[in-house]
Amino acid sequence: VVSLFGLLFALNSCRHCLRNNQNMLSQTLPEYLALQLKQKHLRRADVVRGSHLDRTYVYQIFSGKKVPSRDKLLAIAFGLQLSVEETQKMLKLSGNLELYVRDKRDAAILFAIQHGRSIDEANDLLAQLGVLPLGVPDE
Numbered sequence: 002v003v004s005l006f007g008l009l010f011a012l013n014s015c016r017h018c019l020r021n022n023q024n025m026l027s028q029t030l031p032e033y034l035a036l037q038l039k040q041k042h043l044r045r046a047d048v049v050r051g052s053h054l055d056r057t058y059v060y061q062i063f064s065g066k067k068v069p070s071r072d073k074l075l076a077i078a079f080g081l082q083l084s085v086e087e088t089q090k091m092l093k094l095s096g097n098l099e100l101y102v103r104d105k106r107d108a109a110i111l112f113a114i115q116h117g118r119s120i121d122e123a124n125d126l127l128a129q130l131g132v133l134p135l136g137v138p139d140e
């Protein structure tokens, strides 16, 4: 039997969780990228090296001056050494579709991220599947 107090406590906890979830999603992409940089003790130069993206372009993304494509963000995920969950959150914050396991290319990228592979290793896997690589300068 659930008491009235227990029910009110549970309802208040749900409201608190919803508020926290909304606050997490109200974070901007540049704020999230800066947080990840700090938490992982990396520098923007490390992200540039790990993503194979142009230095100026990466700096503009971090400052919010450029809105990157989904593929550029995925390259940045490798540069930041993000987990699958962190990558999905970054994609969601940017308004992009999350990685989808039933898509061959997305599944390969998920595999590479989950197994801590570099962008070069991910691109080798993508090449084996005959799909587009990440981090190719085109912008």
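Going by my numbering, the first residue of the sequence shown is number 2, and it counts up by one from there.
Ideal Cβ positions, reconstructed from N, Cα and C, are used throughout, including at glycine.
Report task. State the DSSP-derived secondary structure class of Phe-112, mapped to helix, strand or coil. Result -> Residue numbering aside, residue 112 sits at position 111 when the sequence shown is read from its first letter. Phe-112: helix per DSSP, three-state reduction.
Exercise for review: Quick one: grab the DSSP three-state call for Arg-103.
Suggested key: Against the sequence shown, residue 103 aligns to sequence position 102. Note: Arg-103 maps to coil in three-state DSSP.
Hey, could you find the ends of the alpha helix (DSSP H) Gly-80 is sitting in? Locating residue 80 in the sequence shown gives position 79, counting from the first residue. Note, Gly-80: alpha helix (DSSP H), 71–80.
According to DSSP, is Asn-24 part of a helix, a strand, or is it coil? Indexing the sequence shown from 1 puts residue 24 at position 23. For Asn-24, the predicted structure reports a pLDDT of 48, less than 50, and the residue's modelled location is therefore unreliable. A value from the coordinates is still provided. In the structure shown, Asn-24 sits in a helix (DSSP, three-state: H, G or I).
| query | Looking at the structure shown, is Lys-90 part of a helix, part of a strand, or coil, going by DSSP? | reply | Locating residue 90 in the sequence shown gives position 89, counting from the first residue. If DSSP states are grouped into helix, strand and coil, Lys-90 belongs with the helices.
Are the CB atoms of Lys-105 and Leu-81 within a distance shorter than 8 Å?
Locating residue 81 in the sequence shown gives position 80, counting from the first residue. Locating residue 105 in the sequence shown gives position 104, counting from the first residue. No; because the gap between Cβ atoms is not below 8 Å, this pair is not in contact.
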